[in-house]
Structure formats: C-alpha cells, structure tokens
Amino acid sequence: MKLEKQDILKALESITVPGEGQNMVVSGAIKNVMTFGDEVIVDITITNPSLQAKKKTEVEILKAIHEKVYEKAKITINVKVDAPQAKPKNEIKGKSIPGIKNIIAVASGKGGVGKSTVTANLAVTLSKMGFKVGILDADIYGPSMPIMFDVENERPLAVTIDGKSKMKPVESYGVNILSIGFFTQPNQAVVWRGPMAAKALNQMIFDAHWGELDFMLIDLPPGTGDIHLSIMQSLPITGAVVVSTPQNVALADAKKGVAMFQQESINVPVLGIIENMAYFTPAELPNNKYYIFGQEGAKNLATDLNVPFLGEIPLVQSIREAGDLGRPAAMQTATQQEKAFEKITQNVVEEVVKRNDDLPPTEAIKITTMAGCSAVKK
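Take 608 as the starting number for the sequence shown in our numbering and just add one per residue.
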C-alpha cells in the first residue's frame, strides 16, 4: 500500500506536543514527513528534554498512523530534543531599590576581625573618590556604625516621597547611614528572634529614602545565618567582600563565609578577600613588620579559593582610635592607613566593574525551607 504524506499529517494533527497545547503539526514540531510505499519517516522536534516525553511522542505517533492511516505501516521516528537554553545563573534581578546601582555585602565568618571598621573606611574612601555612598548596618545585635561615624545621638527624619512617609538616612562625612542603633538606647540589648530582625531590616531597606547611590555597603553580622539569608532574599546583591585576619582560626570561618556566597542556590559573586590586621609596624621602627596574627593567611586563602585578594590593612593604633572617636581612619590624609584603604577601595571598584561587565545582575534568593534556600523562579 502506498501511503500519502497528507494522510500522515492529518493523523498527526490529533496529537499534542508534550508540555504544549497545540497539535504537533500546527505547532511546527513536525519538521518533515516522507513516505516510500508503506514506509513512513517522521522527523519531529520537541522542547521537553525528559525521556518520558520522548517515549510518549513516539508511542502516540505510532498509534495515530496505525489507527488512522494504515495498521501495517512501517514507521521510523526521529525525535530531536531542542530544549530552551538554561538561563544563566543570576539572570533574574530581584527587588532592587530604585536609584541604587551597586549593593556590596561586607561579611566575615568570624567576629572581631574588623569587618565594621573596614566597611566604614571603604564607604568614606568611596565618598572621597566622588561616589555617592550609603551604609546599611545589618548587624542587628551589635550595630557599630553610629559610633564609627559619630552620630550616636542622631535619629533618621521622616520625609514624604510620592505621598508615602519614608525614613531619611543619617548623613555623616558624605555617607548615608541607617542602623538599628538609631532606634535603641546605647545600653539596650536587641533580643529579637530571626523574623523580627528580618522585618526590621526590610523596613530599613525599603521604607527608607536612600536617594541616588553608586554604592550601598551592607555591614553584615558575623557568621552565615538567618540575617544573611534575609538580606540576600530581599536584595539583589552585586557582590560580596569577605574580611579576615591572617590567623588560622579566622581563616577557617572566612572560608565558610566565601562558601556561603558561592553556594549554588545563593550564587552571589565574591569580589574578593581583605586581610585586616595584616602586620604591625611600630612608629619608632617604620621599616619593621611584625606578623602578630600570622603572615599572608588571607592572601593565601584567596589564592586557594580562586577569588581576588583585595589587599591588606596593617594593625595601626590610630585605626582603632579613629573608629572609637567617630572619624574613620581613611580620612587621615597622607598616612599609611589612608593609602591602604585607598588601594583596597580601588581594587573593590575594579572588581565591581569587571563583575558588571562579565555577569548578569544578581538575583534575590527565595527561602524554601528552614535549612536552606533556592533561586527565585519567574
């Protein structure tokens, strides 16, 4: 029996493509039909990559031709899978804050390594370079920014923007700042569970009028816990900077901090590692370096983890004094510490530029279980 192509196509119109609503002829899934006597060759392309979809397609084509055209037809089916290309990681941009170009998380796996000091001095140096900068002090249980910027007694004002009341961040040395420290007494402990802390953070993020910013720095608390996930769930983080001392104990936790951002379901680009308290040079012996906490530990860690090393900051008494007095050390002109922070800040900016050129915008993550997270799907 000689089979006709139009009869085959008519029979195939009764079958829908797996995962689609249209029949496989109208949808264009059937690419070619050839007949040779009682032989039929059908070329079809489907988008569903599963083995089940492929088998179902073959079975339904066989059944349709045998039942509707010729029950003894010899049928060859060539199924090609043309699945849509997977979207690059971080393609979906999360709920951004209008006017803020780059959001950088400053983190540390361990407390006491000078993360807040580094954040404050990075912000001041960026401001000195001419950038518009803001700091979100996300260290709910130990906010430091009001002290470091000498604004402990300041309070954010309320402003009306587009008919809505918003918090106006406190400004100091050209940096806009919001911190839970502005809303608590100096001797008041913040005894909150995670959801309460996350709600407070969301208010400081989205109920504030930050204005136009080139950089928002987020001073995260130590560790890899609930606050970190809440921030990354709320905002599309451009990249993360991890601060560590050269000490092995600190490096072990810094490694975990990097791993948190690199986790597949989080996938925030790590801009690099900063080594704080790298060495001590006494004023009376300016050519001497004493490696009190170890030598080049963070630099070696950056090499091991294949992330950029952003630079080192010496252990200098005036850096601590400047933080306590509320005037960040990077403002001390023509000093060793100013040069160190300038070099590190330049490296951070370079890494942000490279990151924005090479990668799509970072997505916010969606928390799905008490133990983990997954990417937002749209």
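Every residue gets a Cβ at the ideal spot worked out from N, C-alpha and C, and that includes glycine. Note that the structure is predicted; figures quoted are calculated from it, not measured.
When the distance is taken between beta carbons, is residue j closer than 9 Å to residue i?
i, j, result
"methionine 823", "glycine 879", "no"
"lysine 908", "alanine 941", "Note that residue 908 is leucine in the sequence shown, not lysine. No. Outside cutoff."
"valine 632", "lysine 661", "no"
"methionine 641", "lysine 670", "no"
"leucine 729", "phenylalanine 916", "no"
"valine 676", "threonine 652", "no"
"asparagine 760", "leucine 820", "no"
"isoleucine 682", "isoleucine 622", "no"
"valine 797", "valine 777", "no"
"glycine 788", "glycine 706", "no"
"leucine 808", "isoleucine 838", "yes"
Excluding the 5 residues preceding and the 5 following residue i in the sequence, name in chain order all residues of the same chain whose CB lies nearer than 8 Å to its CB.
i, result
"tyrosine 886", "Lys896, Tyr897, Tyr898, Ile899, Gln902, Glu919, Pro921 and Leu922"
"lysine 775", "Pro763, Leu764, Ala765, Val766, Ala815 and His816"
"isoleucine 615", "Val640, Thr642, Val647, Val649, Ile672 and Val676"
"isoleucine 747", "Ile787, Val797, Trp799, Ala804, Ala807, Leu808, Pro828 and Ile834"
"asparagine 954", "Gly879, Pro915, Leu917 and Gly918"
"aspartate 962", "It is arginine, not aspartate, that sits at residue 962 in the sequence shown. Within the same chain, arginine 962 has close Cβ partners Thr845, Gly846, Pro876 and Leu878."
"asparagine 630", "Leu619, Glu620, Ser621, Ile622, Thr623 and Val624"
"glutamine 792", "none"
Check each candidate in the options and name the one with the smallest Cα separation from residue i.
i, options, result
"lysine 863", "Leu892, Thr852 and Gly830", "Gly830"
"glycine 716", "Lys662, Ala857 and Glu620", "Ala857"
"alanine 727", "Pro967, Gly781, Trp799 and Lys806", "Gly781"
"lysine 946", "Met608, Val731 and Gly719", "Val731"
"serine 779", "Met755, Val797, Lys773 and Gly770", "Met755"
"methionine 867", "Met811, Ile653, Ala890 and Leu836", "Leu836"
"phenylalanine 813", "Asn794, Ser772, Met803 and Gln629", "Ser772"
"valine 624", "Phe643, Val666 and Asn963", "Val666"
"threonine 910", "Thr888, Ile881 and Lys638", "Ile881"
"phenylalanine 790", "Asn894, Gln810 and Pro802", "Gln810"
"glycine 721", "Leu966, Gln854 and Thr845", "Gln854"
"isoleucine 873", "Leu932, Gly718, Gln840 and Thr654", "Gln840"
"glycine 719", "Arg927, Asn894 and Val956", "Arg927"
"alanine 636", "Met608, Glu678 and Ile684", "Ile684"
Could you pull out every residue in the same chain whose Cβ sits closer than 7 Å to the Cβ of residue i, ignoring the five residues on either side in sequence?
i, result
"serine 925", "Ala936, Gln939 and Gln944"
"serine 786", "Asp744, Pro750, Met752 and Pro753"
"alanine 680", "Leu610, Asp645, Val647, Ile672 and His673"
"leucine 892", "none"
"leucine 733", "Val740, Phe822 and Thr952"
"lysine 638", "Asp650, Ile651 and Thr652"
"lysine 617", "none"
"valine 914", "Val865, Val877, Gly879 and Ile880"
"glycine 979", "Unreliable positioning characterises glycine 979 in this predicted model, as indicated by a pLDDT of 44, which lies under 50. The coordinate reading is nonetheless provided below. Once the five neighbours on either side are set aside, the close Cβ partners of glycine 979 are Ser872."
"lysine 738", "According to the sequence shown, residue 738 is phenylalanine rather than lysine. Here the set comprises Asp821 and Phe822."
"glycine 933", "Ile754, Met755, Phe756 and Asp757"
"lysine 950", "Gly918"
"threonine 888", "Asn895, Lys896 and Pro921"
"methionine 608", "Asp645 and Tyr677"
Going by other Cβ atoms of all chains shown within 10 Å of its Cβ, with 16 needed for buried, is residue i buried or exposed?
i, result
"asparagine 883", "buried"
"threonine 664", "buried"
"threonine 724", "buried"
"serine 657", "exposed"
"valine 960", "exposed"
"alanine 905", "buried"
"proline 828", "buried"
"leucine 619", "buried"
"methionine 803", "exposed"
"aspartate 826", "buried"
"glutamate 958", "buried"
"alanine 859", "exposed"
"glycine 846", "buried"
"glycine 930", "buried"
"alanine 890", "exposed"
"lysine 694", "Residue confidence for lysine 694 is low, a pLDDT of 49 falling below 50, so the modelled location carries little weight; the figure read from the coordinates is stated next. Classification for lysine 694: exposed."
In its own chain, which residues sit with a C-beta less than 6 Å from the C-beta of residue i, not counting the 5 before and 5 after it?
i, result
"valine 865", "Val849, Val877 and Leu912"
"lysine 708", "Asp821"
"glutamine 795", "none"
Could you tell me if the beta carbon of residue i falls within a distance shorter than 8 Å of some heavy atom in the ligand GDP?
i, result
"lysine 863", "Absence of the ligand GDP is noted for the structure shown, with no ligands found whatsoever."
- Take every Cβ of the stretch 708-723, pair it with every Cβ of the stretch 843-856, and state whether three or more of those distances are shorter than 8 Å. yes
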